[in-house]
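Okay, structure first, notes after.
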Ligand code: FES
């Protein structure tokens, strides 16, 4: 698996997201208050809602469709549904954000 440079860290709003399209998949990168960037699959395990449009709370994102809460660190659904989404390894070098595929 290889790291690909996707954007500058300033391209991602704090407590917001940016979408990266990966062939047929779409990943959502989230920038947290502590400066970390976490990436998960941009499809809610409930009914495929766009997690990139959710509200970030702590280390989680809340799906905008029906409020499923997903942990950005490991992709686990915290509730009210169950399941998980894929996570992607991210690294930051200087201002550049890289994602591993
Ligand atoms: S599609 Fe995300 S909670 Fe329903």
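Residue numbers (our numbering): 866 to 966. Glycine included, every Cβ here is placed at the ideal spot set by N, Cα and C.
From residue i to residue j, what does the alpha carbon distance come to, in whole angstroms?
i	j	result
residue 894	residue 885	7 Å
residue 906	residue 959	24 Å
residue 887	residue 930	23 Å
residue 868	residue 944	31 Å
In chain order, what residues of the same chain lie with their CB nearer than 8 Å to the CB of residue i, ignoring the 5 residues before and after it?
i	result
residue 902	874, 877, 894, 895, 896, 955, 957, 962
Is the CB-CB distance between residue i and residue j below 7 Å?
i	j	result
residue 953	residue 908	no
residue 889	residue 950	no
Report the option in the options whose CA atom is closest to the CA atom of residue i.
i	options	result
residue 871	880, 891, 940	891
residue 941	924, 930, 929	924
residue 882	889, 915, 866, 869	915
residue 920	911, 933, 913, 951	933
Between residue i and the rest of its own chain, which residues show a CB-CB distance below 7 Å, the 5 nearest in sequence each way excluded?
i	result
residue 937	895, 903, 905, 924, 925, 926
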